[in-house]
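Participant: Protein chains in written order, with our numbering: chain A, 430 to 746; chain B, 430 to 746; chain C, 430 to 746; chain D, 430 to 746. Note that the Cβ used here is the ideal one computed from N, Cα and C, for glycine as well. Computed from a predicted model, the values in this text were never measured in an experiment.
Number of protein chains: 4
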Amino acid sequence: MPQTEWQRRGFRTDLAMEAHELAGGEMERPLPGVHVDRRMEEGNTVIKIVVEDEAAGRALGKLPGHYLTIQTPDFQSQNRDRTEILSRLLAREIENFLARLALGPEDLCFVVVLGNWASTPDSVGPKVVRSILVTRHLWDFSPPEKRGGLRPVCAMAPGVLGLTGLETSEIVFAVVQRIRPRFVVAVDALAARNVERIGTTVQVSDTGIHPGSGLGNNRLGLTPGFLGVPVIAIGIPTVVYATTIVADALEKLGGGERSGLPDERLRRHLPPQFTELVVTPKEVDLLVDEVAKVVAAALNIALHPGVSAEEVFRYLQ
Amino acid sequence: MPQTEWQRRGFRTDLAMEAHELAGGEMERPLPGVHVDRRMEEGNTVIKIVVEDEAAGRALGKLPGHYLTIQTPDFQSQNRDRTEILSRLLAREIENFLARLALGPEDLCFVVVLGNWASTPDSVGPKVVRSILVTRHLWDFSPPEKRGGLRPVCAMAPGVLGLTGLETSEIVFAVVQRIRPRFVVAVDALAARNVERIGTTVQVSDTGIHPGSGLGNNRLGLTPGFLGVPVIAIGIPTVVYATTIVADALEKLGGGERSGLPDERLRRHLPPQFTELVVTPKEVDLLVDEVAKVVAAALNIALHPGVSAEEVFRYLQ
Amino acid sequence: MPQTEWQRRGFRTDLAMEAHELAGGEMERPLPGVHVDRRMEEGNTVIKIVVEDEAAGRALGKLPGHYLTIQTPDFQSQNRDRTEILSRLLAREIENFLARLALGPEDLCFVVVLGNWASTPDSVGPKVVRSILVTRHLWDFSPPEKRGGLRPVCAMAPGVLGLTGLETSEIVFAVVQRIRPRFVVAVDALAARNVERIGTTVQVSDTGIHPGSGLGNNRLGLTPGFLGVPVIAIGIPTVVYATTIVADALEKLGGGERSGLPDERLRRHLPPQFTELVVTPKEVDLLVDEVAKVVAAALNIALHPGVSAEEVFRYLQ
Amino acid sequence: MPQTEWQRRGFRTDLAMEAHELAGGEMERPLPGVHVDRRMEEGNTVIKIVVEDEAAGRALGKLPGHYLTIQTPDFQSQNRDRTEILSRLLAREIENFLARLALGPEDLCFVVVLGNWASTPDSVGPKVVRSILVTRHLWDFSPPEKRGGLRPVCAMAPGVLGLTGLETSEIVFAVVQRIRPRFVVAVDALAARNVERIGTTVQVSDTGIHPGSGLGNNRLGLTPGFLGVPVIAIGIPTVVYATTIVADALEKLGGGERSGLPDERLRRHLPPQFTELVVTPKEVDLLVDEVAKVVAAALNIALHPGVSAEEVFRYLQ
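#1: Determine the direct distance from the alpha carbon of C:Val723 to that of C:Ser516, and round the result to whole angstroms.
#2: Listed from N- to C-terminal order along the chain, which residues in the segment 632-663 of chain C have their beta-carbon within a distance smaller than 7 angstroms of any beta-carbon of chain D?
#3: Which residues in the same chain as B:Val658 place their Cβ atom closer than 7 angstroms to its Cβ, once the five residues preceding and following it in sequence are excluded?
#4: Run through the DSSP bridge pairs and tell me what C:Ala452 is partnered with.
#5: Step through the CB atoms of chain C and report whether any lies within less than 8 angstroms of the CB of B:Lys711.
#6: Would you tell me roughly how many angstroms separate the C-alpha atoms of D:Leu651 and C:Thr593, rounded to the nearest one?
#7: CA-CA distance, D:Trp546 and A:Ala528?
#8: Counting only beta-carbon atoms, is C:Asp714 nearer than 8 angstroms to chain B?
#9: Pull up the distance between the alpha-carbon of B:Arg511 and that of B:Ile674, whole angstroms please.
#10: Quick one: is B:Ala531 buried, meaning 16 or more other Cβ sit within 10 Å of its Cβ, or exposed?
#11: Buried or exposed for D:Arg467, going by 16 or more other Cβ atoms inside 10 Å?
#12: Beta-carbon of C:Glu705 versus every beta-carbon of chain B: anything under 8 angstroms?
#13: I'd like to know if the segment 555-571 of chain B and the segment 569-577 of chain A are in contact, where contact means that at least 3 CB-CB pairs between them fall below 8 angstroms.
#14: Note the first and the last residue of the continuous alpha helix (DSSP H) segment covering A:Phe570.
#15: Does B:Phe539 come out as helix, strand or coil in the three-state DSSP assignment?
#16: What would DSSP say about D:Ser552, mapped onto helix, strand or coil?
#17: Under 9 angstroms Cβ-Cβ, which residues of chain B neighbour C:Val604?
#18: Quick one: which residues of the segment 537-571 of chain A get their C-beta closer than 8 angstroms to a C-beta of chain D? List them in chain order.
#19: Does chain B have any CB closer than 8 angstroms to the CB of A:Ala586?
#20: In chain B, what lies closer than 8 angstroms to A:Arg580 by C-beta?
#21: Could you check where the beta strand (DSSP E) with D:Ala615 kicks off and where it finishes?
#22: Answer with yes or no whether the minimum CB distance from B:Arg607 to chain A is below 8 angstroms.
#23: Just the chain B side, please: which residues come within less than 7 angstroms of A:Thr593 by C-beta, in chain order?
#24: Between A:Ala731 and the rest of its own chain, which residues show a CB-CB distance below 6 angstroms, the 5 nearest in sequence each way excluded?
#25: In angstroms, rounded to a whole number, what distance separates the CA positions of A:Met469 and A:Lys711?
#26: Using a Cβ cut-off of 9 angstroms, pull out every chain B residue sitting near A:Leu590, in sequence order please.
#27: Check whether the Cβ of D:Ile674 lies closer than 8 angstroms to any Cβ atom in chain A.
#28: Classify B:Ile523 as helix, strand or coil using the three-state DSSP reduction.
#29: Counting only beta-carbon atoms, is C:Ile514 nearer than 8 angstroms to chain D?
#30: Between the alpha carbons of B:Ala620 and D:Gly664, how many angstroms are there, rounded?
#31: Excluding five sequence neighbours on each side, which residues of the same chain lie with their C-beta closer than 6 angstroms to the C-beta of A:Pro459?
#32: In chain order, what residues of the same chain have a beta carbon less than 6 angstroms from the beta carbon of B:Leu537, not counting five sequence neighbours either side?
#33: Using the C-alpha atoms, what's the distance from C:Phe742 back to C:Glu513?
#34: Would you call the segment 541-559 of chain A in contact with the segment 442-449 of chain B, where contact means no fewer than 3 C-beta pairs closer than 8 angstroms?
#35: Assign D:Val480 to one of three DSSP states: helix, strand, or coil.
#36: Can you list, in chain order, the residues of its chain whose CB lies under 6 angstroms from that of D:Thr474, leaving out five sequence neighbours each side?
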């Protein structure tokens, strides 16, 4: 995919809603070929973006498909009520994706979490997987009347290329070929433009995870085309790239006009390793823990139709 | 495999050398069909056991094949010299297995570590994998003259059934089918009879990992027959089962005669969950860290013929 | 304190209720000078033991004072309801100790947690302290009408002698002299006789923590006499010593009669390092996490009269 | 201390060498009242800065005293040779501070590490303390001829105000009053101007740790004046503040002239929480581990005159 105008200006984001804004779109006046819908729900903002064709995709740097973002206004953690409200809201939106993709309540789901334990911003996937209610190993041994509305679910944290020597997509493809899930849920850490997204925002999409997106920079993607099954991607912003912070500050200091933006000067004047620097709030460890809980709870509610939200929260670690 | 006499008496061990002893064998007078060799090397004891036929295998509760145990006499950690001596010794013995199995220096190796992070005694495999020098992702892009004696190596920590819903052997089989390694190295935590083995002992064998052995109780095994390639298993004792401690104490208190041993009474009088209790030294966390370093260093030395031990230790985390 | 009969027989326990039982006492027929009361509450067993005089203390190996134990019947974790019920129950019992010691709602409390992070069974104190609602640093700056029923609370994890070179009691005494709390709450990991106590039981007492009790083997104690203020000790069983497991098994296998018990033979036949071995369930990591949450929640409820249990659970990590 | 010019421009640094540069000083032409010396040693840069009087201190935002910085050129970790070279070099410089302060080889040292485990950039102190060779608890029991050149050393990680309700300086003062060390070594995480300092740089100084410096923002300091004994502060850069990154980028993009710098606009246009954002390399977890090892090894060599560097590295975790 060719670089977008906003990427050339030094911005990096994996969130469709930010990409739309950076490409000049507005809530009330979206770009051509983009459908945007925003609503408030229990204090949270829910933004749906549909990228309807290839041209719109090129402008946003996003494949055509559905993108859903939930964000909570307050930058605080450890409030159980907020955790529950967000989890239920996210669960309903994941259920909408399941329905749109015509996935039935007993279809085998394979949850794949990307990232690695050893780096805090990249640890959100491995943290989610610990709390996923996996059932596939019990399901086949249980008589149908005893399954109690549980879906067969299995899960895996394949690790990162530098520590395994294996492309994530290679491992996932091999296991998908073997166990034949009806669909894949992929959980990954994302980069955002705005540091306030960290610990407060989740994106759901049906276009998969693409080479170069997420923090891990995979060379192959986890896409529906490659894996041969639908992929619901859950993305969780945990970092902002330093180039983005600088580009943002420059834009604000420059009065907001975009024309003369110093992309070339950024490139020439900033040291090369600058592009790998990430910005986080000091308390990123806590924020990542909190949002991982929300995603795990939402997946448990959405994937297992017979399990109530109350039960999920009761057993949530 | 039918239960052995010593298993009925309440003992559990994954070490061939202890199994031989429990079955009544001695160093100087091994059981029929068993070949035993013990030597001292730089203060460490190296014991080779060859189980030569099926009958001997049944007596020991072990498949026919080669078993090699290295143990260090002192129960102490954090001495770099000891780490290095043990690592070199273990590396040489792994190289002997490679030679016996006719594995060449550029044959692709797939390292599979069993166990899970969240339980200290079962975390040894995941700790080893962090320090394995993986190269497969770089190897194919490097011209042969630049490979510098590195073997293509990849690695994976597939997780445990209860957290993934996937049998370890299913995942490993699928990935083996896909990436076609020439051989597999499997690293697993073991149960020993004697608590002094924890942090001091490593077993290498060529018979794979079997259903019910190790701490994870897999239902399928990682065996050469199942995977279709040679398997070198590296086993690391990290626990002793409580039943074994009691059986051992009873034997010692009873004067050592084995005939009237209270296996039935053990079964009847001890609470059922007793069989899942494990005994560890209080400092098990440190001991597991230490032995994981030894195994990782030895694998790096043995697998990469062009990497010297000095270089391995220089970069050892 | 001289060794008790049950200690000579190989048993070790820090729980007064187990010590009473081992000394031959029964619920219905307690030993002389011991008052015992047991009740059930919401499925949990609450046992109060009052050791009324020195003679009774010698029989039990416990100082005269009040000992309260709460235990939950099921050996399971991660059920939020159970966490809440246990926390509220424990909070009420801690409030009873506060009332008996005539401690007012604005009296400064100093929470001291013993143990260390690096050893799972000994990490329960450090895990509790992370979730304690500390307020002392804010309290002095807040006008009385804004304090909202919060007590001034501070907390500390002084570490273990081997890692600091400082006796815990030295540090605590120095800080007590400086900040002048009205009372101390000390949280420590305990040894039990019965492995089913791990993750299911909490003991509260007013006699402090004594040299040689707990897992850390302090040479000085954290006692009311030494510190000059009341000490409420919260003890959490996380291990059973291997000698206790063996003594227990022997007693059961021997038909239960106590007379001819093999204490001398235990001593002679078991290897010396045996006395340092601990027995835990394999899932001890999870059980310790769970019980640490219960204790932290109970302390937050009991110490801050203006904070409701609902608020505590809402913000519980 | 009044804000310096460079602080007003949005820069924050705890390193004297960066402060000197930001204040307009150069290696060859230092500011008045500042003495600077730079040398290369085994590939590392060693910079000594002496702030000779109050006026110079105001210009730099640093108290008069000695500041020593060691930095290694390469931004890589896990090379044991580099670890050893840096450790020995740092040890020699710490020994110079000991000599200048007339501290003898048997003078009691109290090592205080600031920061907390739960936040990666702030965890460097707690990581150092795990590997410090503490001896005070053994020293008094050993006859002088058996002490083997060990100094009595004790250590403590007092935690952070938000988790304890206690000022670090309160705790340290209380313990210092009680155990009467001859001097204190304080280890703390620092903010730098340049992200390349992370994992590569250590600062040693004799002016203590001051209110508002370091990451923890203590309200009181750990200074020689307050504690009544000499304080050797070891500072380890682990973050760069986002404001500093932006100020730096602006300066570079603006052609380097300082006059018209947008400090007021920075303040007005950037969101308020921006000032708490920190920038780190993605691999900060590994870099912090590595530099913590260097500091622990150097302290063990420098503090214990009878322990050789070889022995320290042999036992280094």
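Facilitator: Walking through what the data contain:
#1: Rounded to the nearest angstrom, the gap between the Cα atoms of C:Ser516 and C:Val723 is 5 angstroms.
#2: Cβ contacts with chain D: none found.
#3: Within the same chain, and ignoring the five residues on either side of B:Val658 in sequence, the residues whose Cβ sits closer than 7 angstroms to its Cβ are Val605, Pro610, Arg611, Phe612 and Val613.
#4: Beta-bridge pairing links C:Ala452 to no other residue.
#5: Chain C, which has a Cβ nearer than 8 angstroms to the Cβ of B:Lys711, makes this yes.
#6: Going from the Cα of D:Leu651 to the Cα of C:Thr593 covers about 19 angstroms.
#7: Within the model, the alpha-carbon separation for D:Trp546 versus A:Ala528 is close to 43 angstroms.
#8: Yes - at least one Cβ of chain B is within 8 angstroms of the one on C:Asp714.
#9: Distance from the CA of B:Arg511 to the CA of B:Ile674, rounded to the nearest whole angstrom, comes to 28 angstroms.
#10: It counts as exposed.
#11: Answer is exposed; the Cβ neighbour count stays below 16.
#12: At a cut-off of 8 angstroms between beta-carbon atoms, C:Glu705 makes contact with chain B.
#13: Contact between the segment 555-571 of chain B and the segment 569-577 of chain A is absent, because fewer than three Cβ pairs lie under 8 angstroms.
#14: Premise fails: A:Phe570 is in no alpha helix (DSSP H) and is neither H nor E.
#15: Three-state result, B:Phe539: strand.
#16: Coil, per DSSP.
#17: For C:Val604, no chain B residue has a Cβ inside 9 angstroms of its Cβ, as the nearest lies near 27 angstroms away.
#18: Listed by position, the residues of the segment 537-571 of chain A near chain D (Cβ gap below 8 angstroms) are Ala547, Ser548, Thr549, Pro550 and Asp551.
#19: For A:Ala586, the answer is yes, since a Cβ of chain B falls inside 8 angstroms of its Cβ.
#20: None at all; the shortest Cβ gap to chain B is about 11 angstroms.
#21: In the DSSP assignment, D:Ala615 falls within the unbroken beta strand (DSSP E) covering Phe612 to Ala621.
#22: Closer than 8 angstroms: yes.
#23: When 7 angstroms is used as the limit between beta carbons, A:Thr593 is near these residues of chain B: Val563, Cys583, Ala584 and Met585, in chain order.
#24: Excluding residues within five positions, the ones whose Cβ falls inside 6 angstroms are Ala520, Ile523 and Glu524.
#25: If you take the alpha carbons of A:Met469 and A:Lys711, they lie about 29 angstroms apart.
#26: Correct list: Val563 and His566.
#27: Answer yes: the Cβ-Cβ gap between D:Ile674 and chain A drops below 8 angstroms somewhere.
#28: DSSP places B:Ile523 in helix when its eight states are reduced to three.
#29: No, C:Ile514 lies away from the interface with chain D (no Cβ there is under 8 angstroms from its Cβ).
#30: Computed Cα separation, rounded: 45 angstroms.
#31: Val465.
#32: Once the five neighbours on either side are set aside, the close Cβ partners of B:Leu537 are Pro581, Pro610 and Arg611.
#33: Whole-angstrom Cα-Cα distance: 8 angstroms.
#34: Below 8 angstroms, too few C-beta pairs join the segment 541-559 of chain A and the segment 442-449 of chain B to call them touching: fewer than three.
#35: In the structure shown, D:Val480 falls within a strand segment according to DSSP collapsed to helix, strand and coil.
#36: For D:Thr474, where only same-chain residues beyond five positions count, the Cβ hits under 6 angstroms are Gln500.
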